[in-house]
Structures are given as structure tokens and as C-alpha cells.
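Just so we're aligned: the sequence shown equals residues 14 to 114 in our numbering.
Cβ atoms here follow ideal geometry from the backbone N, Cα and C, with glycine treated the same way.
Since the structure is predicted, the reported quantities are computational estimates derived from the model, not experimental observations.
Report on one structure; see the data block that follows.
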Amino acid sequence: TCTSGPLGGDAQIAALMCMEDLGALIFFVDPLSAHPHQADIDSLIRLSNCGNVIVCPNPTSAMSMMHTLRTALVLGSRGMIPSFFETLESPAVDEYKRQQE
């Protein structure tokens, strides 16, 4: 369990991603409210995109992901949810690293 975002919860989640201990992220954000920690939320989403981690920003995507997770586990099909079983990386990361050399 992580704390609330303004209390460092987003940093805790980011640390789990950096340690490659997170296969998916269910992170609901109220779309109708301004968030004083919006930069932290954006950073978390960017990091999940770099790590190619499944992100569910709303209840519908979370329900869909739970169905997929259950189906994959019942069928023994790791390919349906690869970020749960191996460390992934966005293809953009390799290109970025090459440009930095």
C-alpha cells in the first residue's frame, strides 16, 4: 500500500517501477479537478510509459485489465500480460539512449 499522492505515494510507485517490481499501475485521477501535484502525476505516467508498464487511469480500463489478468492466469498465457513477468522497456528508450551517446 502506498500513501496518497500529495504525501509521496507517486514517488513510492515510481520507486517500485525503477526497482522493476511493478507490473501494472491502477492510478485514478479525478479528471474534473485541478491537482497541485500535476507534475508528479505526469512524471509517474512518463515513467510508466518508459517502462512499458500497463496503466489504468479509470475504472473501465482497470476492470478490463483485471479481466485480462484473470484470463491470462487461468490459461497460463504470460504473453497477455508480459509486464507482470519480465522487465519491459519502451522502444523509444533505446532510441533516446543512442541519441545521448
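Candidates 46, 66, 91, 47, of which the one nearest residue 39 by Cα: Counted from its first residue, the sequence shown places residue 39 at position 26. That would be 66, whose Cα lies nearest to the Cα of residue 39.
* Asked: Considering only C-alpha positions, which residue in the set 63, 92, 114, 41 is nearest to residue 75?
  -> What you label residue 75 is simply residue 62 of the sequence shown in a count that begins at 1. That would be 41, whose Cα lies nearest to the Cα of residue 75.
Given a cut-off of 8 Å, decide if residue 62 and residue 17 are closer than it, judged by their beta-carbon atoms. Counting from 1 along the sequence shown, the entry for residue 17 is found at position 4. Counting from 1 along the sequence shown, the entry for residue 62 is found at position 49. The answer is no: Cβ separation not under 8 Å.
Decide if the segment 23–38 is in contact with the segment 47–62; the criterion is three or more beta carbon pairs, one per stretch, under 8 Å apart. yes
_Only counting the same chain, and skipping five residues up and downstream in sequence, which positions put a Cβ closer than 6 Å to that of residue 97?_
Position 84 of the sequence shown, counted from the first residue, corresponds to residue 97. Correct list, in chain order: 36.
| query | Sorted by chain position, which residues of the same chain lie with C-beta nearer than 7 Å to residue 82's C-beta, five sequence neighbours on each side aside? | reply | Within the sequence shown, the letter at position 69 stands for residue 82. Once the five neighbours on either side are set aside, the close Cβ partners of residue 82 are 94.
Compute the Euclidean distance between the alpha carbons of residue 44 and residue 54, then round it to the nearest angstrom. The count along the sequence shown starts at 1 and reaches residue 44 at position 31. The count along the sequence shown starts at 1 and reaches residue 54 at position 41. If I take the Cα positions, the gap works out to 12 Å.
Check: Nearest-angstrom Cα distance between residue 107 and residue 100?
Finding: Here residue 107 refers to the residue found at position 94 of the sequence shown. Here residue 100 refers to the residue found at position 87 of the sequence shown. Approximately 14 Å, taken between the alpha carbons.
Taking DSSP as the reference, what is the three-state secondary structure of residue 38?
As a first step, residue 38 is located in the sequence shown; it is residue number 25 there, counting from the start. The answer is strand: DSSP assigns residue 38 an E or B state.
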